[in-house]
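Worksheet for the structure shown next.
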Amino acid sequence: MQLHCIRVLPWQPVKWLLRYETDKLNVVSEGCNSRIVSTDSHVMQELEMKRDKDIYGEVYKSHNSIQTLDKTISNLEMELAAARATQESLRSGAPVSDDIRMSESSGKRKYLMVIGINTAFSSRKRRDSVRATWMPQGEKRKKLEEKGIIIRFVIGHSATSGGILDRAIEAEDRKHGDFLRLNHVEGYLELSAKTKTYFATAVNLWDADFYVKVDDDVHVNIATLGETLVRHRSKPRIYIGCMKSGPVLSQKGVRYHEPEYWKFGEAGNKYFRHATGQLYAISNDLATYISINQDVLHKYANEDVSLGSWFIGLDAEHIDDRRLCCGTPPDCEWKAQAGNICVASFDWSCSGICRSAERIKEVHRRCGEGGYTGVLPNSGRLYY
Numbered sequence: 001m002q003l004h005c006i007r008v009l010p011w012q013p014v015k016w017l018l019r020y021e022t023d024k025l026n027v028v029s030e031g032c033n034s035r036i037v038s039t040d041s042h043v044m045q046e047l048e049m050k051r052d053k054d055i056y057g058e059v060y061k062s063h064n065s066i067q068t069l070d071k072t073i074s075n076l077e078m079e080l081a082a083a084r085a086t087q088e089s090l091r092s093g094a095p096v097s098d099d100i101r102m103s104e105s106s107g108k109r110k111y112l113m114v115i116g117i118n119t120a121f122s123s124r125k126r127r128d129s130v131r132a133t134w135m136p137q138g139e140k141r142k143k144l145e146e147k148g149i150i151i152r153f154v155i156g157h158s159a160t161s162g163g164i165l166d167r168a169i170e171a172e173d174r175k176h177g178d179f180l181r182l183n184h185v186e187g188y189l190e191l192s193a194k195t196k197t198y199f200a201t202a203v204n205l206w207d208a209d210f211y212v213k214v215d216d217d218v219h220v221n222i223a224t225l226g227e228t229l230v231r232h233r234s235k236p237r238i239y240i241g242c243m244k245s246g247p248v249l250s251q252k253g254v255r256y257h258e259p260e261y262w263k264f265g266e267a268g269n270k271y272f273r274h275a276t277g278q279l280y281a282i283s284n285d286l287a288t289y290i291s292i293n294q295d296v297l298h299k300y301a302n303e304d305v306s307l308g309s310w311f312i313g314l315d316a317e318h319i320d321d322r323r324l325c326c327g328t329p330p331d332c333e334w335k336a337q338a339g340n341i342c343v344a345s346f347d348w349s350c351s352g353i354c355r356s357a358e359r360i361k362e363v364h365r366r367c368g369e370g371g372y373t374g375v376l377p378n379s380g381r382l383y384y
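Residue numbering for the sequence shown follows the UniProt record's numbering, starting at 1 and increasing by one per position.
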C-alpha cells in the first residue's frame with residue numbers, strides 16, 4: 001500500500017490527498033512532519049447508524065399511521081353498515097328497534113357479551129318460560145346491562161310487514177322491552193340469513209367482546225357463560241361452542257338435507273368441524289367480519305354449517321367446550337353437584353329441551369346457578 005504525502009507550504013491551502021484501497025483505513029503518515037490518523041471510517045459508521053435510526057423511525061411512524069388508518073376505516077365501515085341496515089329497515093317498512101335509535105343518539109359503551117335468543121312468532125310460550133327462569137326481568141335486567149351483559153329475543157318481521165304477527169310482537173315488546181328486531185323476513189329455511197343479520201346488527205349496536213346466539217328452548221346459566229368467555233377475552237377471533245361434524249345428507253326430503261352436498265366431496269363425506277347451533281359465541285373481530293362481508297358470505301341450508309363455513313378459511317381459534325351442550329337432568333344436575341356447572345342444557349334428541357315451555361322450569365331448578373353469585377372480572381358481580 002502506498003502513502004502519498006504532500007509538503008505543505010505556508011502560502012498554500014492545506015490539502016491532503018488520500019488514496020484508499022479499502023473502505024475502512026487508518027492512515028498513518030510516516031516520514032512526514034506529522035502523524036495523521038484518519039477517522040473517516042468512524043465518521044462513516046456514525047453516519048450509517050444515524051441513517052438506520054432515521055429509517056427505523058420513519059418505518060415505525062408509517063406502521064403506526066397505517067394501523068390508525070386501518071382502525072379508522074374499519075370503524076367507518078361498521079358505522080356505514082349500521083346506517084345502511086337502518087335505512088333498509090325504514091325503506092322496507094320493517095320496524096326499527098329502540099336499540100337502534102338509542103345507539104344512534106348516544107355513544108357506545110363497552111360490554112362483555114350480547115346474548116341473542118333466536119325466537120319465532122309462534123314461540124310466545126317459550127319466551128315466557130325463558131323470562132320466568134334464566135332471563136332476568138325489569139330492574140334485574142337493567143342491572144345486568146350495567147354489568148356489561150345484553151340479552152334480547154331476536155326476531156325479524158313477517159312476509160306481510162305490519163300484519164297481525166308483527167303487531168303481536170310489538171305489543172309484547174312494549175310490555176317487556178326485550179326484543180331486537182331485524183331487517184329480515186322470518187322463515188325456518190332462512191335461519192342462515194337471520195344469523196348473519198343478527199351478528200351484523202348486534203355488532204353495530206353494541207361494542208361487546210363476545211356475541212352469543214342461543215335458541216329459545218335452551219337453558220343457560222348466564223354467570224357461568226360470562227366466566228367461560230372471560231377466560232378467552234385476550235384472544236382475537238374466537239369461535240366457541242360444542243364442535244361437531246355430521247354427515248352431509250344428500251337425500252331429498254330428510255331433515256337437514258344439504259342441497260349443495262356436491263361441494264363437500266364424495267358421497268358419505270362429513271361436514272368440517274363447526275359449533276352446534278343450540279348455543280355458540282364469537283368474538284368481536286369475527287362479528288365485525290360478518291358485518292362487513294355479509295353481502296358475499298354464502299348461506300348453506302343449515303345455519304350452524306353456514307357459520308362454520310364463514311370461519312373455516314380464517315385465522316380463527318375453534319374452541320370446543322362441552323359445558324355448552326350438557327344434557328337435561330340428571331346430566332346437568334350431576335355436574336352441578338360436582339361443582340362443574342353447565343353453561344347450557346338441552347336434549348340432543350329434540351335439538352333443544354323437549355317440551356321446553358313445560359320443562360325448562362324443572363331444568364332451571366335442578367341445574368340453574370340458583371343462589372350462586374358469578375364474579376366477572378372487571379364487570380362486578382351478577383346477582384340473581
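Note that beta-carbon positions come from the ideal geometry of N, C-alpha and C, so glycine has one too.
Check: Inter-residue Cα distance where the pair is residue 327 and residue 58; Outcome: 58 Å
Check: Secondary structure of residue 158, DSSP reduced to three states; Outcome: coil
Check: Per-residue burial, residue 360 [other beta carbons within 10 Å of its own, 16 or more giving buried]; Outcome: buried
Check: Reference residue 357, options 123, 251, 194 and 270, closest by Cα; Outcome: 123
Check: Buried or exposed by the 16-neighbour rule on C-beta atoms within 10 Å, applied to residue 340; Outcome: exposed
Check: Touch test, the segment 260-280 against the segment 237-246, Cβ-Cβ under 8 Å, three pairs minimum; Outcome: yes
Check: Status (buried if at least 16 other CB within 10 Å, exposed otherwise) for residue 134; Outcome: buried
Check: Beta bridge counterpart(s) of residue 274 as assigned by DSSP; Outcome: 244
Check: Residue span of the beta strand (DSSP E) that contains residue 173, given as start and end; Outcome: Not the beta strand (DSSP E): residue 173 falls in the alpha helix (DSSP H), residues 164-176.
Check: From 132, 45, 300 and 209, residue whose alpha carbon lies closest to that of residue 239; Outcome: 209
Check: Spatial neighbours of residue 113 in its chain, beta-carbon cut-off 8 Å, leaving aside the 5 residues before and after; Outcome: 148, 149, 150, 208, 209, 210, 211, 212, 225, 226, 229 and 281
Check: Alpha-carbon spacing of residue 293 relative to residue 198, whole angstroms; Outcome: 13 Å
Check: Other residues of its chain near residue 286: CB distance less than 7 Å, five sequence neighbours each side excluded; Outcome: 237, 239, 311 and 316
Check: Reduced DSSP secondary structure (H/G/I, E/B, other) of residue 369; Outcome: coil
Check: DSSP-derived helix/strand/coil call for residue 239; Outcome: strand
Check: C-beta contact flag for residue 352 and residue 217 at 8 Å; Outcome: yes
Check: Helix, strand or coil at residue 353 [DSSP, three-state]; Outcome: coil
Check: Alpha-carbon to alpha-carbon, residue 223 and residue 188; Outcome: 30 Å
Check: Distance between residue 116 and residue 301 (C-alpha atoms, nearest Å); Outcome: 21 Å
Check: Counted within 10 angstroms of its Cβ, other Cβ atoms place residue 298 as buried (16 or more) or exposed; Outcome: exposed
Check: Coil, strand or helix - residue 401 by DSSP; Outcome: Coverage of the chain is limited to positions 1 through 384, which leaves residue 401 absent and any answer about it impossible.
Check: Helix, strand or coil at residue 105 [DSSP, three-state]; Outcome: Residue placement at residue 105 is poorly supported in this model, since its pLDDT is 43, which falls under 50; the coordinates are not used for a value here.
Check: Nearest candidate by alpha-carbon position, reference residue 126, set 215, 161 and 142; Outcome: 215
Check: Inter-residue spacing [alpha-carbon to alpha-carbon] between residue 264 and residue 203; Outcome: 31 Å
Check: Under the three-state DSSP convention, the category residue 361 falls into; Outcome: helix
Check: Contacts around residue 132, its chain only, beta-carbon distance under 7 Å, and the 5 residues preceding and following it disregarded; Outcome: 361
Check: Cβ-based burial, residue 45 [other Cβ within 10 Å; buried from 16]; Outcome: exposed
Check: Simplified DSSP assignment, three categories, for residue 199; Outcome: helix
Check: Best match in 166, 136, 253 and 195 for proximity to residue 178 [C-alpha to C-alpha]; Outcome: 136
Check: Residues of its chain near residue 344, where Cβ-Cβ distance is below 6 Å and the 5 sequence neighbours each way are ignored; Outcome: 218, 220, 279 and 324
Check: Alpha-carbon spacing of residue 366 relative to residue 332, whole angstroms; Outcome: 8 Å
Check: Proximity below 8 Å, CB of residue 180 to CB of residue 152; Outcome: yes
Check: Between the CA atoms of residue 47 and residue 53 - distance to the nearest angstrom; Outcome: 10 Å
Check: Span of the beta strand (DSSP E) around residue 208; Outcome: 207-215
Check: Where the beta strand (DSSP E) containing residue 114 begins and where it ends; Outcome: 110-118
Check: Short Cβ contact (8 Å threshold) for residue 164 with residue 119; Outcome: no
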